[in-house]
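Residue numbers (UniProt numbering): 1 to 259.
Idealized CB from N, CA, C, for every residue including glycine.
Just so we're clear, the structure is a prediction, and the values are computed from it rather than from any experiment.
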Amino acid sequence: MKTPDIRTVNVTRYVTPLREGGSLPAIVEADDDFPYVLKFRGAGQGTKALVAELICGELARAIGLRVPELVFMELDNSFAQTEPDEEIQDLLRFSVGLNLGLHYLSGAITYDPLVSVAEPLEASKVVLLDSIITNIDRTHRNTNLLNWKKELWLIDHGAALYFHHSWNGWEASAARTFPMIKDHVLLAKASQLTEAAAVIKEALTPDFVSAVVDLVPDDFLTEEGNPVSPAEKRAVYKTYLNTRIANLEALRKEAEDAR
1 MKTPDIRTVN
11 VTRYVTPLRE
21 GGSLPAIVEA
31 DDDFPYVLKF
41 RGAGQGTKAL
51 VAELICGELA
61 RAIGLRVPEL
71 VFMELDNSFA
81 QTEPDEEIQD
91 LLRFSVGLNL
101 GLHYLSGAIT
111 YDPLVSVAEP
121 LEASKVVLLD
131 SIITNIDRTH
141 RNTNLLNWKK
151 ELWLIDHGAA
161 LYFHHSWNGW
171 EASAARTFPM
181 IKDHVLLAKA
191 SQLTEAAAVI
201 KEALTPDFVS
211 AVVDLVPDDF
221 LTEEGNPVSP
231 AEKRAVYKTY
241 LNTRIANLEA
251 LRKEAEDAR
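Spelled out as structure tokens, the structure:
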């Protein structure tokens with residue numbers, strides 16, 4: 001499978017904040033003339049949310065799920081200097097440099113489990129992917145799914161891979177199942193978990209996982225006061241994900257039992 005190629009663009013215009021997001025993402029325009037949803041490095045979870053967004057988004061794309069194009073976005077300090085809102089001004093100031101953006105799906109609507117479309121195989125792949133990446137944020141309360149042009153699109157994986165908020169004990173975390181899958185918004189529609197597991201096993205090989213993790217810039221993996229190097233962190237992400245993919249049958253059975 002071809003390794004993803006992540007473009008880098010420059011933010012040229014801050015359009016409007018998306019205040020329904022806890023980290024205050026924003027719609028911006030870039031020098032390629034496209035609109036994006038910008039995820040800020042200066043938001044609450046910092047660059048860890050950007051790491052999760054990048055890795056999980058590209059894993060989802062690799063198994064045939066729809067994810068808006070991800071791009072690296074350079075933000076300069078001129079935006080903070082002209083922003084009148086103090087909260088946004090601080091966010092912009094703390095986010096100067098490299099950030100992450102998702103192509104803005106104009107006209108998309110939030111997924112409604114009562115009326116929106118989700119095919120069984122598609123739903124099954126989302127459920128198992130979220131088990132692998134320990135995504136706690138795809139529930140009826142907050143679906144992080146969109147319907148755009150009558151298709152299902154995945155957004156906002158910043159809360160996934162939550163083991164990386166504390167590097168201690170990551171090995172045990174990798175070996176666990178994911179009981180919170182019982183609350184997944186697509187679980188009832190996930191009737192083809194066996195077929196979905198086969199697709200995931202074929203696509204998410206160790207080589208592909210390694211290539212995706214290697215997309216993460218050193219800049220996102222460097223923390224003040226944390227002695228763990230970017231190379232060491234990448235090795236942990238790779239081992240963590242490969243361990244969970246190797247345990248996919250246990251995750252599939254857990255989801256099946258929860259259904």
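For Ala52, the closest alpha carbon among the candidates Arg259, Glu256 and Leu241 is that of Leu241. Distances from the CA of Ala108 to each of Val9, Leu154 and Asn99 were compared; the closest alpha carbon is that of Leu154.
In the DSSP assignment, Tyr14 is bridged to Val28.
Annotated three-state conformation of Ile136 is coil, per DSSP. When C-alpha distances from Ala160 are compared across Asp218, Thr139 and Ile63, the shortest belongs to Thr139. Here Lys149 is exposed. Its C-beta has fewer than 16 other C-beta atoms within 10 Å. The alpha-carbon of Val15 is positioned some 15 Å away from that of Gln81. Residue environment: Asn77 is assigned as exposed (fewer than 16 neighbouring CB atoms within 10 Å of its CB, all protein chains considered). Taken in chain order, the complete alpha helix (DSSP H) segments of 4 or more residues contained in the segment 215–244 are 218–221. Contact check for Gln192 against Leu102 fails: the beta carbons are separated by 8 Å or more. Look at Thr194 here: in three-state DSSP terms it is helix. Between His165 and Val127, the CB-CB gap reaches or exceeds 8 Å. Per DSSP, Thr82 has no beta-bridge partner at all. For the 8 Å CB-CB criterion, Leu65 and Leu100 do not form a contact. In the DSSP annotation of this structure, Lys150 is not part of any beta strand (DSSP E), being labelled neither H nor E. If you ignore the 5 residues before and after Asp31, its C-beta comes within less than 7 Å of the C-beta of Val9, Asn10 and Thr12, all in its own chain and listed in chain order.
In this structure, Ser124 is the residue among Glu83, Pro68, Ser124 and Met73 with its C-alpha nearest to the C-alpha of Ala258. Residue pairing of Ile109 in beta bridges, as defined by DSSP: Asn147. With a cut-off of 8 Å on Cβ pairs, the segment 109–119 is not in contact with the segment 226–243, counting fewer than three such pairs. For Phe72, the enclosing beta strand (DSSP E) stretches over residues Leu70 to Leu75. Taking each of Ser173, Phe163 and Leu70 in turn and checking the Cα distance to Tyr104, the smallest one comes out for Leu70. By the CB criterion at 8 Å, Ile63 and Leu145 fall outside the cutoff.
From the listed residues Arg244, Tyr36 and Arg7, the smallest Cα separation to Ala197 is found for Arg244. Using a 10 angstroms sphere on the CB of Asn168, the tally of other CB atoms stays under 16, which defines it as exposed. Contact check for Ser95 against Arg19 fails: the beta carbons are separated by 8 Å or more.
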